[in-house]
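K.L.:
Here you go, one structure.
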Amino acid sequence: ASCPQGKFGFKCLFQCACKNNETCNPTDGSCPNGCNPKFYGPHCLLFNPFIYDPLGKLYTGTMNRTESEKPCQPWNSSIFKLFFNYTGSQFADKSLPGAVCRNPNISSKNKTSPWCFTNTNTLKEEKCYLSEGECPDGRFSPNCVDECHCQNLEPCDKQTGKCKQCYDGWIGPACQKKCDAGKYGADCKETCGECKDDLCDHETGQCLNGCNAGWKGDLCNTNCSSKEYGENCALSCGECYDDLDCDIFTGQCPEGCKDGYNGTMCVHKCVASWFGKGCSKQCGKCKDKSPCHHKDGSCVEGCEPGWMQADCSRICMDGWFGQNCSLECGNCMGDVSCDKISGQCLGECQNGFTGELCKSAIFVEEETSSAGGTIGAIVGVVVILVIVIIIIIAFKLWRRGKFRHTLQLNETKSSNDTIAQEKEEVLRTKETDQLIQDKEDQSESLDNGYDISKEPIYANVNTKKQTCPIQVQDLYEYIRKNKMNDCTEFKKEFGELPLGVLALYEAARKPENRPKNRYGNIIAYDHSRVVLTPISSEPNSDYINANYLDGYKRKNAYIASQGPMKVMFRDFWRMIWQKQCCKIVMLTNLMEACKTKCEQYWPDEGSTSYGNVSVEIIQTTVYTDFTIRTFKITCNGTSRDIKQFHFTSWSDHGTLTSSTPLLCFKHKVDAYNKDSTAPVVVHCSAGIGRTGTYIGLDYTHEQAKAEGFVDVLKCAQLMRANRTNMIQTWEQYMFLYDALLEAVLAGETTMPVGEFESRYQEMCIPKAGFEVSALDKQFEVAQKLLPNIENTEFKAALAPENIDKNRVKNVLPANRYRPHLYTQVEGSNDYINAVFLPGYTSRDRFIVTQMPLPKTVADFWRMLYDYNSNTVIMLNEFDRNDKTCALYWPEEYGYTVSYDPLSIELLSSSESNKTITERIFKLSNKIKNEDRAVKQFEFNWGEKNIPSSAQALADLLREVDHWTKQSGKGPITVHCMNGASRSGLYCAISLLLERKEQDQEIDVFQTVKTIRNNRPQFIEDKEQYQFCYKMAECNLRPPPQ
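Structure (structure tokens):
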């Protein structure tokens, strides 16, 4: 809560001291127009005649006389500026002060206290008399800038800030560190409730932004009451069926809505003309087309003429008509009824009646007939014969039906054994299939109420195919054939793996250990589980959901673990410490598809203790697809460093579109602490799908290098013998093959900067007995592994309205990589022929596009605006004779080109050298009243596939780098004529040099593979491929003077 007027600071302990009694800032005490003349300092708490730091460097008071009572001369005097060139940054005031005592940071004036000049002619310096003061209670440190946070608001040590005990919510030697996110209270031992955005007050635990859906109260630790749901339980349930409570998180009704309501929340009454369960029934014929009751469909005002019952859904019975069918028909001829609405007979009236409704009688003289008796007798005989015939037919039909029923009973009885057997097999299959779901997110439904003790145990029951060895030289063809016919053979091979629980799991099934399993059906086998050193006071504290897995020729090379939950943070770090692990491979994000896949088990900054293991984060390095964190972990006074390798681009659904990022990631893992024999901890969410795929890749890659063959099937069999269902899906299984193929065909392509020149020279020369060089072979592998993008991915590019926006028909953007345009311009949609490309440390570093066509110029500027791209690299020449080549910028200063609401104006144009022309444009949005600067670099490439000058391209890269570091925002837009032939080479070289600067290593193969994943036409021949190497070599040499 904010402090009352006149107070500020921690718990409002401090009194404002502003000039003219003005109100100070309630947080830091700063005053809008300066301090009361008696005080100074950022909080106006320091008395003028005193200094509060040893040398008075921070003094900003108004003392203006020296020890000899001479007046100070102003520091901002022109004479001092001329002689000494003082600047405001040298003074605590951050500007040149007037005639006051100061001790500025000037190396040539090493003074021990504030001083000033007393004479402008002689430039005489003299010391001021200022005593050293003591900070007011509640503050400490030089200049008293820090506040104490002591329990019971006791004063802290005025030098160090140390307290007897910290105030709730504060920790550290000087009680200056707030509790980490998610913690609060004394010593930060309390855990926040279900706070929105995970933000609670570090002192009280009160949730700052309210509660997550389903929770309420100041601490958000109380579930919603009956009929409440949502954030802070502020919403009321809808009209749920049978008055059941709705879901406290989503508000959805568990069994649908009451009659008369629909929608997921059951808050919407049926619209007019509909009623009943799910509003699925249509109203009857209500009077004057009035709406029926939304629940039972009854018509409040009655029915239209000709209809009856409460809901007016039934037409009048024959013989009745009118409003609610309350009127009886007249005397209509024969069996013909009257009209249900008007009552008019549909035929003629009976003899003797007339009128519109045939209700008026006609009186005539009665005649007799001698034939009447004869006709009556004949009719009677006929009726009797018809009745007899009907009885005989009915009896025969009854006998036949009874016989057929007897046959059916006999057939059912004779097949009972077969049916019982089939039913038993079906139940057995369902029981087994229940054990493991195909996807990790499907397992989440098993978190609560899943009784694992009822699971059957299968040991050594796999009678299927156990092994499938493939020579490395045959691997490409094997994968190609197995992908035919919708990958039928890969699905079949994956189906050879055993499913379900294959070993005992007594420890996992103990009631005390069940909460330690993220998913109820994914447990740790007894024979392979990681056994922790138990804690003496805690039975069963030796259990963690993690298993040892063997590597290639290496026992217990890996620990496959589930993603840590809060309940296992302590055990996870105990495991890391006790098993002396130095690498953690994390293959999941904390949240995926709005579901928690893993809790954050490390601090973002500083250190946090998990049990008796303290974890301090030392360094975080972020790359496009992964993050590497370095931790110092300490236990019982001993410390060691470990690294966490966190791959962030592998979602829980499906597989990676390219194996290159994972192989680059794996290279980082393998390169760290190569001599360690401790197991590598690998985890995703459940610790079986992505975890199994990564471990399988590492295992088979080592196998390929050592023996020249691979056996993925056997590797998966061995993993599943030690942890259930490792490699969850056939897609993951096939991806392992693809990644393995790239790894074995390409070999080690990453070169440290120090080895690059010598290794590159070796690659260019064929070895004895060989006709081609290693560089030729590497390019052949890159060509062999070109990505195959399905035609369905080009749906937008091939749409009839977009086909003419493509300069060439074989360079098209795949849907998943193209930018979608948002700014509305008349006659345009969201399509442009362009693709995003990643950098080495950031996503969407580049947008690569074609030279605009006359009809796509507006789209080009829309793209720059929508994606905040203020850098354009133009790699093609502008040919005025080419009618397809649009000059997309204004050539004259002050001239504006408009594509409402966007407009472009040329601000400047210059040639930095013979090969680079630089232009700056003002890009404006009239609707948003917004202006942006866009810089274009036009590069004179030459006429060949590669630039005419490697040094000129190096100059361009340097100029662009300088601009983007200074002013660059958003992705860099690169274009050549077709959006591939030159643009790909530029981006590849830019990525190469970014990696070289970041990690002091060069990898042409992985760089080319990375950009080709988004556009396979990049780096179209060996000449361009080798030019990448030459540019890397050129960059290592000092630039020409």
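Those letters in the sequence shown? Residues 1 to 1041, per full-length UniProt numbering, in order.
Glycine included, every Cβ here is placed at the ideal spot set by N, Cα and C.
From L837 to H975, what distance separates their C-alpha atoms?
P.N.:
Answer to the nearest angstrom: the Cα atoms are 13 Å apart.
K.L.:
Give the secondary structure of A796 by DSSP, where H, G and I count as helix, E and B as strand, and everything else as coil.
P.N.:
If DSSP states are grouped into helix, strand and coil, A796 belongs with coil.
K.L.:
Hey, out of N85, N119 and E126, whose CA is closest to N103's CA?
P.N.:
Comparing Cα positions, the closest option is E126.
K.L.:
Please go through the stretch 63-133 and give each complete beta strand (DSSP E) segment of 3 or more residues, from N-terminal end onward.
P.N.:
Listed in chain order, they are 115-119 and 124-127.
K.L.:
For M308, does the three-state DSSP call read helix, strand or coil?
P.N.:
In this structure, M308 counts as strand in the three-state DSSP scheme.
K.L.:
Looking at C-alpha atoms only, which residue of Y623, L532 and W650 is the closest neighbour of A593?
P.N.:
For the residues Y623, L532 and W650, the minimum Cα distance to A593 belongs to W650.
K.L.:
Mind pulling the alpha helix (DSSP H) runs of 4 or more residues that sit fully within the UniProt domain "Tyrosine specific protein phosphatases" (954-1026)?
P.N.:
Fully enclosed alpha helix (DSSP H) runs of 4 or longer: 983-999 and 1004-1012.
K.L.:
If you drop the 5 nearest sequence neighbours on each side, which residues of the same chain put their C-beta closer than 7 Å to that of Y241?
P.N.:
The answer, listed in chain order, is C253, E255, G256, C257 and K258.
K.L.:
Could you spell out the range, first to last residue, of the beta strand (DSSP E) harbouring Y52?
P.N.:
Unbroken run through Y52: none, as it is neither H nor E.
K.L.:
Give the list of continuous beta strand (DSSP E) stretches no shorter than 3 residues that lie fully inside the stretch 514-573.
P.N.:
The stretch 514-573 contains these whole beta strand (DSSP E) runs: 546-551 and 554-561.
K.L.:
Where does T488 sit, in a helix, a strand or coil, going by DSSP?
P.N.:
If DSSP states are grouped into helix, strand and coil, T488 belongs with the helices.
K.L.:
So, helix, strand or coil for K883, using DSSP?
P.N.:
Reduced to three states, the DSSP call for K883 is coil.
K.L.:
Return the chain-ordered list of same chain residues with a C-beta closer than 7 Å to the C-beta of G185, the five sequence neighbours on each side being excluded.
P.N.:
D168, G169 and G205.
K.L.:
Taking C-alpha atoms, which residue in D197, T191, L745 and E147 lies nearest to A174?
P.N.:
The shortest C-alpha separation from A174 is found at E147.
K.L.:
Is H149 closer than 8 Å to F10 when the C-beta atoms are compared?
P.N.:
It is a contact, given that the beta carbons lie within the stated cut-off.
K.L.:
Are the C-beta of Y623 and some C-beta of chain D separated by less than 8 Å?
P.N.:
Among the chains of the structure shown, chain D does not appear; only one protein chain is present.
K.L.:
For the alpha helix (DSSP H) holding S758, just list the boundary residues, first then last.
P.N.:
Taken as a continuous stretch (DSSP letters only), the alpha helix (DSSP H) holding S758 covers V753 to C764.
K.L.:
Going by the CB atoms, is the gap between G230 and C207 shorter than 8 Å?
P.N.:
Cβ distance not < 8 Å, so C207 and G230 don't count as in contact.
K.L.:
Within its chain, find whatever has a CB closer than 7 Å to the CB of H294; leave out the 5 residues flanking it on each side and keep chain order.
P.N.:
Closer than 7 Å at Cβ, skipping near neighbours: G260, K269, C270 and F275.
K.L.:
Output needed for S909: all residues of its chain with C-beta closer than 6 Å, excluding positions within five of it in sequence on either side, in chain order.
P.N.:
These residues qualify, in order along the chain: R919.
K.L.:
Quick one: give me the first and last residue of the beta strand (DSSP E) that A878 is part of.
P.N.:
It should be pointed out that residue 878 corresponds to Phe in this sequence rather than to Ala. No beta strand (DSSP E) contains F878, which DSSP labels as neither H nor E.
K.L.:
Taking just the CA atoms, how far does I989 sit from N913?
P.N.:
Going by the C-alpha atoms only, they are around 21 Å apart.
K.L.:
Taking only the alpha-carbon atoms, compute the straight-line gap between K579 and A678 and give it to the nearest angstrom.
P.N.:
Looking at the two C-alpha atoms, the distance is approximately 7 Å.
K.L.:
With L662 and A739 assumed to form a contact (beta carbons below 8 Å), what rounded beta-carbon distance in angstroms separates them?
P.N.:
Confirmed, about 6 Å.
K.L.:
Is the separation between the beta-carbon of M565 and that of Q644 shorter than 8 Å?
P.N.:
Against a cut-off of 8 Å, the Cβ pair of Q644 and M565 comes out as no contact.
K.L.:
For M575, which of I642, C598 and D844 has the nearest alpha-carbon?
P.N.:
Nearest C-alpha to M575: I642.
K.L.:
Assign A234 to buried or exposed, taking buried as 16 or more other Cβ atoms, counted over all protein chains shown, within 10 Å of its Cβ.
P.N.:
With fewer than 16 Cβ atoms within 10 Å of its Cβ, A234 is classed as exposed.
K.L.:
Any chance the stretch 484-495 sits against the stretch 683-694, with 3 or more Cβ pairs inside 8 Å?
P.N.:
Output reads no: the stretch 683-694 does not touch the stretch 484-495.
K.L.:
If you reduce the DSSP assignment to three classes, tell me which class I576 lands in.
P.N.:
Reduced to three states, the DSSP call for I576 is helix.
K.L.:
Helix, strand or coil: which one does DSSP assign to N324?
P.N.:
It is helical.
K.L.:
Do you know whose CA, among V934, K922, E938 and E905, lies nearest I916's CA?
P.N.:
Looking at the Cα atoms, E938 is the closest of the given residues.
K.L.:
Quick one: which unbroken alpha helix (DSSP H) runs of 4-plus residues sit fully inside the stretch 589-671? Chain order, please.
P.N.:
Listed in chain order, the complete alpha helix (DSSP H) runs (minimum 4 residues) inside the stretch 589-671 are 660-671.
K.L.:
Candidates F321, D318 and A272: which alpha carbon is nearest C299's?
P.N.:
Among F321, D318 and A272, the Cα nearest to that of C299 is on A272.
K.L.:
By DSSP, does Y229 sit in helix, in strand, or in coil?
P.N.:
Note: Y229 maps to strand in three-state DSSP.
K.L.:
I need the boundaries of the alpha helix (DSSP H) containing T693, first residue and last residue.
P.N.:
From DSSP, the alpha helix (DSSP H) with T693 extends over G689 to E707.
K.L.:
State yes or no: is the C-beta of Y986 nearer than 7 Å to some heavy atom of the ligand PLP?
P.N.:
Judged by which ligands are present, the structure shown has none, so any question about the ligand PLP falls away.
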